[in-house]
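What follows is a single structure, written as structure tokens, with notes after it.
Number of protein chains: 2
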Amino acid sequence: MQRKRFNTMSCPIARGLDRVGEWWSMLILRDAFAGMTRFDQFEKSLGIAPAMLTRRLKALVENGLLTKQRYASHPPRDEYRLTARGEDFRPVLLALLAWGNAHFTPEGPQMQIIDAASGEVAEPVLVDARSGRKLQAPDFKLAHGPAATAAMRARLAGGGGLLGWPGVGA
Amino acid sequence: MQRKRFNTMSCPIARGLDRVGEWWSMLILRDAFAGMTRFDQFEKSLGIAPAMLTRRLKALVENGLLTKQRYASHPPRDEYRLTARGEDFRPVLLALLAWGNAHFTPEGPQMQIIDAASGEVAEPVLVDARSGRKLQAPDFKLAHGPAATAAMRARLAGGGGLLGWPGVGA
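Sequence lines, in order, name chains A and B.
Read in order, the letters of the first sequence correspond to residues 88 to 257 in my numbering.
Read in order, the letters of the second sequence correspond to residues 88 to 257 in my numbering.
In structure tokens, the structure reads:
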């Protein structure tokens, strides 16, 4: 089925999702962060059909998240490695990890982020790097950037609810 | 097409994606954060086919991210609102926003997170709430939790690459 693409939308969330929003793509990236580089490693880890894995890897390479390099000629074998753009995706996966742990592990966490020295379990939270303050209303809000279209300016005129729309919560 | 579900996998990222990883779902959540509650609002904002929107809203309700409530009887109309579980998804969208802005806005940012008082553009970063330190290697690592299966323990024995696998970067 041909999907409607998100890459021509103005919103950076939509544009990002256009590159990683297919079923399987983010789990392939997760495995790339876990050090996997070879087709058979991804295939075994995910239990994904080979044809599907081929398509997803191809798209991640085309979108600049992975590089593909030949590491053996007989038979031909390629390895896939995260680019800087792929590396930058880490916070999204960590935020997903925290959300999944909070809501979908009735048996208790199986995987968690810990302080390497103390072993204490970390509490992931998104803050502003300079001020250290949590990214939430009313301290922060969404606003249009310099390149915003008229439609984007209109959309954000109300304050931008992603950080706490009035009545929706902060 | 019937997809392979991720909800029986051990990994919290996979379990989370099982609930939000369908094409369109995260953009519907984005719009819910922006204050939209009605079917026609989502439809107009996304340009999504009504049958598809119906399926996605139903799944988000079934998975506990949105509630559905009747607000008019003649004709019958429902509104959709974020639950606490849906609200908790905010950091994932903000991390996606930051990544999309960094990599897919050649024209410059159209939408950004700003300090509501100073107007300064925020720099989203994921930290440990208690110590304030950035969640990256070598300070932090992935480890198995108390409920981990043997397979998960084996997978994480090498340190867990999500926070910087040796050779992949930090």
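Heads up, the beta-carbon is just placed ideally off N, CA and C, and yes, glycines get one too.
Asked                                                                                                                                              : Found
Contact list for the region 225 to 240 of chain B against chain A, Cβ threshold 8 angstroms                                                        : 225, 226, 227, 228, 229, 230, 231, 232, 233, 234, 235, 236, 239
Element boundaries [alpha helix (DSSP H), containing residue 208 of chain B]                                                                       : Element bounds for residue 208 of chain B: n/a, residue is neither H nor E.
Span separating the alpha-carbon of residue 124 of chain A from that of residue 145 of chain A                                                     : 14 angstroms
Residue ranges of each alpha helix (DSSP H) within the region 93 to 180 of chain A, 4 or longer                                                    : 99 to 107, 112 to 120, 126 to 133, 137 to 149, 171 to 174
Reference residue 178 of chain A; option with closest CA among B/95, B/174, B/134, B/214                                                           : B/214
Bridge partners - residue 215 of chain A, DSSP secondary structure assignment                                                                      : B/211
Residue range of the unbroken alpha helix (DSSP H) whose run includes residue 243 of chain A                                                       : 237 to 243
Per DSSP, the bridge partner or partners of residue 197 of chain A                                                                                 : Residue 197 of chain A pairs with nothing; no bridge assigned.
Bounding residues of the beta strand (DSSP E) (the contiguous stretch that carries residue 227 of chain A)                                         : 227 to 231
Pairwise C-alpha distance: residue 206 of chain B and residue 233 of chain B                                                                       : 44 angstroms
Environment of residue 228 of chain B [buried if 16+ CB atoms lie within 10 Å]                                                                     : buried
Nearest residue (CA-CA) to residue 183 of chain B, options A/163, A/169, A/166, A/108                                                              : A/108
Classification of residue 231 of chain A by the beta-carbon crowding that lies within 10 angstroms, buried from 16 upward                          : buried
Nearest-angstrom Cα separation, counted from residue 96 of chain A out to residue 238 of chain B                                                   : 41 angstroms
Chain-ordered neighbours of residue 172 of chain B on chain A, where CB pairs are closer than 7 angstroms                                          : 190
Straight-line gap, residue 164 of chain A to residue 153 of chain A (C-alpha atoms, nearest Å)                                                     : 16 angstroms
Backbone CA spacing between residue 110 of chain A and residue 187 of chain B [nearest angstrom]                                                   : 18 angstroms
Neighbourhood of residue 208 of chain B by C-beta, 6 angstroms cutoff - its chain only, sequence neighbours within 5 removed                       : 199, 201
Residue 115 of chain A: contacting residues in chain B (beta-carbon distance under 9 angstroms)                                                    : Under the 9 angstroms cutoff, chain B gives no residues; its nearest Cβ is about 11 angstroms from residue 115 of chain A.
Cut-off 8 angstroms between Cβ atoms - residues of its own chain near residue 243 of chain B, not counting five sequence neighbours on either side : 229, 230, 231, 235
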